[in-house]
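A short worksheet on the structure shown next.
There are 6 protein chains.
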Amino acid sequence: MPTVKMVEYEDASPEVRAVYDDFMEVRGTDFVPNFWRTIAAHPPTLKRLWEGIKQVMAPGRLDPLTKEMIAIAVSATNGCEYCIRSHTAAARKLGMDDETQGELMAVVGMFNQTNKIIFGYQVDVDEAFMGD
Amino acid sequence: MPTVKMVEYEDASPEVRAVYDDFMEVRGTDFVPNFWRTIAAHPPTLKRLWEGIKQVMAPGRLDPLTKEMIAIAVSATNGCEYCIRSHTAAARKLGMDDETQGELMAVVGMFNQTNKIIFGYQVDVDEAFMGD
Amino acid sequence: MPTVKMVEYEDASPEVRAVYDDFMEVRGTDFVPNFWRTIAAHPPTLKRLWEGIKQVMAPGRLDPLTKEMIAIAVSATNGCEYCIRSHTAAARKLGMDDETQGELMAVVGMFNQTNKIIFGYQVDVDEAFMGD
Amino acid sequence: MPTVKMVEYEDASPEVRAVYDDFMEVRGTDFVPNFWRTIAAHPPTLKRLWEGIKQVMAPGRLDPLTKEMIAIAVSATNGCEYCIRSHTAAARKLGMDDETQGELMAVVGMFNQTNKIIFGYQVDVDEAFMGD
Amino acid sequence: MPTVKMVEYEDASPEVRAVYDDFMEVRGTDFVPNFWRTIAAHPPTLKRLWEGIKQVMAPGRLDPLTKEMIAIAVSATNGCEYCIRSHTAAARKLGMDDETQGELMAVVGMFNQTNKIIFGYQVDVDEAFMGD
Amino acid sequence: MPTVKMVEYEDASPEVRAVYDDFMEVRGTDFVPNFWRTIAAHPPTLKRLWEGIKQVMAPGRLDPLTKEMIAIAVSATNGCEYCIRSHTAAARKLGMDDETQGELMAVVGMFNQTNKIIFGYQVDVDEAFMGD
Numbered sequence: 114m115p116t117v118k119m120v121e122y123e124d125a126s127p128e129v130r131a132v133y134d135d136f137m138e139v140r141g142t143d144f145v146p147n148f149w150r151t152i153a154a155h156p157p158t159l160k161r162l163w164e165g166i167k168q169v170m171a172p173g174r175l176d177p178l179t180k181e182m183i184a185i186a187v188s189a190t191n192g193c194e195y196c197i198r199s200h201t202a203a204a205r206k207l208g209m210d211d212e213t214q215g216e217l218m219a220v221v222g223m224f225n226q227t228n229k230i231i232f233g234y235q236v237d238v239d240e241a242f243m244g245d
Numbered sequence: 114m115p116t117v118k119m120v121e122y123e124d125a126s127p128e129v130r131a132v133y134d135d136f137m138e139v140r141g142t143d144f145v146p147n148f149w150r151t152i153a154a155h156p157p158t159l160k161r162l163w164e165g166i167k168q169v170m171a172p173g174r175l176d177p178l179t180k181e182m183i184a185i186a187v188s189a190t191n192g193c194e195y196c197i198r199s200h201t202a203a204a205r206k207l208g209m210d211d212e213t214q215g216e217l218m219a220v221v222g223m224f225n226q227t228n229k230i231i232f233g234y235q236v237d238v239d240e241a242f243m244g245d
Numbered sequence: 114m115p116t117v118k119m120v121e122y123e124d125a126s127p128e129v130r131a132v133y134d135d136f137m138e139v140r141g142t143d144f145v146p147n148f149w150r151t152i153a154a155h156p157p158t159l160k161r162l163w164e165g166i167k168q169v170m171a172p173g174r175l176d177p178l179t180k181e182m183i184a185i186a187v188s189a190t191n192g193c194e195y196c197i198r199s200h201t202a203a204a205r206k207l208g209m210d211d212e213t214q215g216e217l218m219a220v221v222g223m224f225n226q227t228n229k230i231i232f233g234y235q236v237d238v239d240e241a242f243m244g245d
Numbered sequence: 114m115p116t117v118k119m120v121e122y123e124d125a126s127p128e129v130r131a132v133y134d135d136f137m138e139v140r141g142t143d144f145v146p147n148f149w150r151t152i153a154a155h156p157p158t159l160k161r162l163w164e165g166i167k168q169v170m171a172p173g174r175l176d177p178l179t180k181e182m183i184a185i186a187v188s189a190t191n192g193c194e195y196c197i198r199s200h201t202a203a204a205r206k207l208g209m210d211d212e213t214q215g216e217l218m219a220v221v222g223m224f225n226q227t228n229k230i231i232f233g234y235q236v237d238v239d240e241a242f243m244g245d
Numbered sequence: 114m115p116t117v118k119m120v121e122y123e124d125a126s127p128e129v130r131a132v133y134d135d136f137m138e139v140r141g142t143d144f145v146p147n148f149w150r151t152i153a154a155h156p157p158t159l160k161r162l163w164e165g166i167k168q169v170m171a172p173g174r175l176d177p178l179t180k181e182m183i184a185i186a187v188s189a190t191n192g193c194e195y196c197i198r199s200h201t202a203a204a205r206k207l208g209m210d211d212e213t214q215g216e217l218m219a220v221v222g223m224f225n226q227t228n229k230i231i232f233g234y235q236v237d238v239d240e241a242f243m244g245d
Numbered sequence: 114m115p116t117v118k119m120v121e122y123e124d125a126s127p128e129v130r131a132v133y134d135d136f137m138e139v140r141g142t143d144f145v146p147n148f149w150r151t152i153a154a155h156p157p158t159l160k161r162l163w164e165g166i167k168q169v170m171a172p173g174r175l176d177p178l179t180k181e182m183i184a185i186a187v188s189a190t191n192g193c194e195y196c197i198r199s200h201t202a203a204a205r206k207l208g209m210d211d212e213t214q215g216e217l218m219a220v221v222g223m224f225n226q227t228n229k230i231i232f233g234y235q236v237d238v239d240e241a242f243m244g245d
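Chains as they are written, first to last, in this note's numbering: chain Y, 114 to 245; chain E, 114 to 245; chain S, 114 to 245; chain L, 114 to 245; chain X, 114 to 245; chain H, 114 to 245.
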């Protein structure tokens, strides 16, 4: 149970309902996940995040699957269950199989390891990594 | 200055030197970055991490550039300067341009945002995201 | 179930019971939350944290509601469910409504986003922000 | 030195320049901080974040100083120097004195402490904190 | 339910089964915890992590109980329930009592507190702490 | 330069000076590190943290070196340079050599790795780890 009351479609203001409708159309689904119905408790945040995510997740230099895997990497580093499960579900739909997920987890784990060892030893940045 | 003395090639034991040599051959460079010369203060860790990184970063389902970008996503989430700069340098060599880096940063930022809002509201995981 | 046995009022030593009594009097409640009954497994920590929290949460330049909202911001950033729920319950009692909570979440989300983008690009601090 | 080239006003596209101009007008300053000139390397992110921050930081239920202090709490929890210094500078302008900053730091420190102890003992959420 | 299917002993490839057998022999148990059966979905990660953990957790300058308590400190800082519970169970077997766990939690809490206050005030490192 | 003015011994109030004097006596040093002179900007926090750290770091079930190493583990996980350097300097004085530090870093790195992989796969806690 979230810490605010979720806004159901039936009870939504026209502004909130417009976001829900756009979400279902863009994503091609017939349900609005808990995340969106929860942040709808604050409509300007709902609208801003939906517009932002549409922009950020649109295909560009990075394809949608790569973007979902980056989202999983961030979410695993932060330990956010909702985020891990929703982005994993999305990545699965886009073709991520067990082998790919295994490589992703291996990379995420390895660099969380080295990040903390580098902190622990306070390694200086090499000149060669400083760019021009 | 790191919190241990870095091990220079000249002073390295044969075991450490073997890792340095393999590193330079595999990466095609003629220098050993500070990270490796620092963790060489504990040779079993040096050897274990080098063998591990070779395995993890080898091409597989994910190509090397995607792996470097995932490493950047993890490192930006953790705030590790050394890690961000070294993986950014590596990704640049593999073809990451400003536009691609911009999309990567946008994805990293967005999902750090949503991760924390989801924590803050304690959103429940949707059944649809729980897999079969 | 916590990883140590909680200390119930009936089983508490006089030292622990004195903290429980003070807690219920100061907070005006008739129950001692799980947090306190858990850390009571180590009485010096119980006493130190209770005295510390009384000092830190007393009204000062910042009013109690603002302090609870800062606690929520910290707890959402760390992803601590117990902490988010207990501070949200406290903030609600002090008058936080959905609109206020929505603004709080928006601020918490936004700056977690910018924190990580700033890490990712390694932005230098402007002279103007360095103080005198 | 950031990992991308900052975009100076003189070199900026009209789209980027419009954000810079709006920033300076809204904030009443005559310079554009490094953060904005860095993310300008990816114009859609520049525009999205500036529009978002204007929305999030506008006065509402929470006043601007409270919002800046929440931003400091998030940034201190994440350890982002740029963020801590820029939001501290902003909060100072809005009236935060040493005493207020001291209380803010005390709250931030205390709840980072309790967050981690609560994780460490795996304390269960009390029914009383679960809302209705 | 994890995001991949766990690999049961009966269904395991010889490579995975060899790790399970070695795990049970080294640890002197007759079951393979969920962690190992989950990462077995990616056999090279299973093998690498098991070999790594055997190396890292072997007695050396630090005894096994100290290593488990360090693992608890890391896991409490990250908020990983599985990790906290599994390392606490291991530390208990090695002799950690409530009093010892209480001291461990006190240290973990205190330095998470000071870490974030030090970030918040941006305290400079003293010359005396920089080593020679 | 910290975000508040440090309080020098000459300028300190009797209350602050008493903490400085006690610090130097207990630690057997003739200087007060930047951390203490910074938080002295808020005297109640100075006094509370000093009394707390004296309690937490006193020898008990865990010896002082073990406590310093746990502090390093926490600080490396959080990436706090000041904290890593000051606790490493303290641990060195108490006898931590390169080999011991190397084992500590190996443990810290390994469990940051497994913590995040466990998050990423959302591994369920085994019954056997839940205690009685």
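Beta carbons: idealized from backbone N, C-alpha and C, even for Gly.
Cross-chain neighbours of residue i in chain E, by beta carbon under 8 Å
i: S:Lys229; result: Ala189, Thr190, Gly192, Val221, Gly222 and Asn225
i: Y:Ser126; result: Within chain E, no residue comes near Y:Ser126; the closest Cβ sits about 19 Å away, beyond 8 Å.
i: S:Met218; result: Ile230, Gly233 and Tyr234
Among the options, nearest to residue i - alpha-carbon criterion
i: L:Asp176; options: S:Asn225, S:Ser199, S:Val220 and S:Asp237; result: S:Val220
i: X:Asp210; options: S:Thr190, S:Ala154, S:Glu240 and S:Lys180; result: S:Ala154
i: Y:Glu238; options: E:Ile231, E:Ile197, E:Ala171 and E:Leu207; result: One point to set straight first is that residue 238 of chain Y is Val, not Glu, in the sequence displayed. The residue with the shortest Cα to Cα distance from Y:Val238 is E:Ile197.
i: Y:Ala204; options: Y:Asn225, Y:Glu181 and Y:Phe242; result: Y:Glu181
i: X:Met137; options: X:Gln235, X:Tyr122 and X:Thr151; result: X:Tyr122
i: E:Thr190; options: E:Ile166, E:Asn228, E:Gly165 and E:Pro172; result: E:Asn228
i: X:Thr213; options: H:Phe232, H:Val117 and H:Val169; result: H:Val169
i: Y:Pro127; options: Y:Val236, Y:Lys160 and Y:Ala171; result: Y:Lys160
i: Y:Ile185; options: Y:Arg150, Y:Asp135 and Y:Gly222; result: Y:Gly222
i: Y:Gly165; options: S:Glu240, S:Phe242, S:Gln226 and S:Arg130; result: S:Gln226
i: H:Ala202; options: Y:Gly233, Y:Arg174 and Y:Thr151; result: Y:Gly233
i: L:Met218; options: H:Thr142, H:Gly192, H:Thr158 and H:Ile230; result: H:Thr158
i: L:Met114; options: S:Ile231, S:Trp149, S:Ala241 and S:Val187; result: S:Ile231
i: L:Met119; options: L:Val236, L:Arg150, L:Lys206 and L:Leu178; result: L:Arg150
i: E:Cys193; options: Y:Ile152, Y:Ala125, Y:Phe224 and Y:Thr142; result: Y:Phe224
i: L:Lys167; options: L:Val117, L:Val132 and L:Thr116; result: L:Val132
Residue-chain proximity (residue i, chain Y), Cβ-Cβ < 9 Å
i: H:Leu207; result: no
i: L:Met137; result: no
i: E:Arg140; result: no
Beta carbon proximity, residue i to chain X, threshold 9 Å
i: S:Thr250; result: Residue 250 of chain S falls outside the range modelled here, since chain S spans only 114 to 245, and no answer is possible.
Residues that residue i contacts on chain S, provided the C-beta gap is smaller than 7 Å
i: Y:Ala171; result: Here the premise fails: no neighbours, minimum Cβ distance about 18 Å.
Any chain E beta carbon closer than 9 Å to residue i
i: H:Thr151; result: no
i: S:Ile185; result: yes
Closer than 7 Å at the beta carbon, the chain X residues around residue i
i: S:Ala154; result: Asp211 and Gly215
Partners in chain H for residue i, counting only beta-carbon separations shorter than 9 Å
i: E:Thr158; result: Gly215, Glu216, Met218, Ala219 and Gly222
Cutoff 9 Å: residue i Cβ touching any chain S Cβ
i: X:Ile197; result: yes
Chain-ordered neighbours of residue i on chain L, where CB pairs are closer than 7 Å
i: Y:Arg161; result: Gly165 and Gln168
Neighbour flag for residue i against chain H, beta carbons, 9 Å
i: L:Thr201; result: yes
i: X:Asp239; result: yes
Partners in chain E for residue i, counting only beta-carbon separations shorter than 7 Å
i: X:Met243; result: Met114
i: Y:Arg130; result: Here the premise fails: no neighbours, minimum Cβ distance about 19 Å.
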